[in-house]
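Chains as they are written, first to last, in the working numbering: chain S, -19 to 128; chain H, 5 to 128.
Idealized CB from N, CA, C, for every residue including glycine.
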């Protein structure tokens, strides 16, 4: 079973690592094109937010499996000042310092689920998920494998 | 840097060889803009087929290459945007205007060979 991957984000070189890891994990988890690219792009965008606005943080990628679907969970977290107005940050064109205001709304459109939890003075956690459907054949094979 | 920059007549061809960090993207932009002046180039072709992510930062950098090159008298064509990257750009709703794009190098050079159209009378 595929494990969890953690990438510490502190410099722009870490963005390159984070998006490569995200793409590779999506491919290993069976995502078909263009999904690995969409996932890598969302990760890149949020990793840059960390570098630009907070300085450092962490990205955690983890496989998620349900009966009918499986996918990837991406958690992007920092211990920075927090986002004062999350609603505004999610609106297109709400530019904060040094940004264009495209990052959060753009990343949200690339993923299936997207949540932001921000505590002023404590930090921000963005949780995103991308799903793919598991067909009958895949589920059948898994059951057979479990039986041995 | 993982970008090969070749000169072909009045044009520069910048061929990106691998994924680039933000710092490398900005260095490429500055390098190209400087070369346009130094060699009086009329066109730049940027081959992005090695980029498997074009996010808002990369899109903005490509646009600023085109805009700054235009101020220095050169036109820019982006070639080789991968199909998955094209889908991501659309879904992200990144704006690539006024970037001109082509599928491959031949097409890009042919585009640059076309003389700019006459501006409309009220044109800017």
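Next item on the list: Report the neighbours of residue 91 of chain H on chain S: residues whose CB is nearer than 9 Å to its CB, in chain order.
Entry: 13, 14, 17, 18
Check: Which class does residue 89 of chain H belong to by DSSP, given the choice of helix, strand or coil?
Finding: helix
Margin query: For the beta strand (DSSP E) containing residue 12 of chain H, name the first residue and the last one.
Written below: 7 to 12
Margin query: Assuming contact is defined by CB atoms lying nearer than 8 Å, are residue 56 of chain S and residue 18 of chain S in contact in what I supplied?
Written below: no
Margin query: Just verifying my parser: in three-state terms, what is the DSSP assignment at residue 56 of chain H?
Written below: coil
Note to self: Quick check on residue 44 of chain S: buried or exposed, where buried means 16 or more other Cβ atoms within 10 Å of its Cβ?
What the structure shows: exposed
Check: Using the C-alpha atoms, what's the distance from residue 60 of chain H back to residue 70 of chain S?
Finding: 15 Å
Next item on the list: Please classify residue 114 of chain H: is it buried, with 16 or more other beta-carbons within 10 angstroms of its beta-carbon, or exposed?
Entry: exposed
Checklist line | Alpha-carbon spacing of residue 0 of chain S relative to residue 20 of chain S, whole angstroms | finding: 7 Å
Next item on the list: Note down the Cα distance separating residue 123 of chain S from residue -5 of chain S, rounded to an integer number of angstroms.
Entry: 38 Å
Notebook entry, point to check: Hey, which unbroken runs of the beta strand (DSSP E) at 3 residues or more fall wholly within the segment -16 to 26 of chain S?
Noted result: -15 to -11
Next item on the list: Kindly list, in the order they appear in chain S, the residues whose Cβ is closer than 8 Å to that of residue 23 of chain H.
Entry: -4, -1, 0
Check: When the Cα of residue 29 of chain H is compared with those of H:85, H:96, H:109, H:66, which residue comes out closest?
Finding: H:66
Margin query: Let's test the definition: count the other Cβ atoms within 10 Å of the Cβ of residue 75 of chain H and tell me whether it reaches 16, buried, or not, exposed.
Written below: exposed
Next item on the list: Check whether the segment 15 to 32 of chain H touches the segment 106 to 117 of chain S, counting contact only when three or more Cβ pairs, one atom from each stretch, lie closer than 8 Å.
Entry: no
Check: Beta carbon of residue 19 of chain H, beta carbon of residue 31 of chain H: below 8 Å?
Finding: no
Notebook entry, point to check: Can you tell me whether DSSP reads residue 21 of chain H as helix, strand or coil?
Noted result: coil
Check: Should residue 57 of chain H be labelled buried (16 or more other beta-carbon atoms within 10 Å of its own) or exposed?
Finding: buried
Notebook entry, point to check: Applying the criterion that 16 or more other CB atoms from any shown protein chain within 10 Å of the CB defines a buried residue, is residue 87 of chain H buried or exposed?
Noted result: exposed
Note to self: Please tell me whether residue 27 of chain H has its Cβ less than 8 Å away from any Cβ of chain S.
What the structure shows: yes
Notebook entry, point to check: Any idea what DSSP makes of residue 45 of chain H, helix, strand or coil?
Noted result: coil
Margin query: Let me make sure I understand the geometry here. Which of S:109, S:23, S:95 has the alpha-carbon closest to that of residue 37 of chain S?
Written below: S:23
Margin query: Just to confirm the assignment, what range does the alpha helix (DSSP H) spanning residue 128 of chain S have?
Written below: Premise fails: residue 128 of chain S is in no alpha helix (DSSP H) and is neither H nor E.
Margin query: For the pair the segment 51 to 65 of chain S and the segment 90 to 108 of chain S, tell me if three or more CB-CB distances fall below 8 Å.
Written below: yes
Notebook entry, point to check: Are residue -8 of chain S and residue 30 of chain S close, meaning C-beta to C-beta below 8 Å?
Noted result: no
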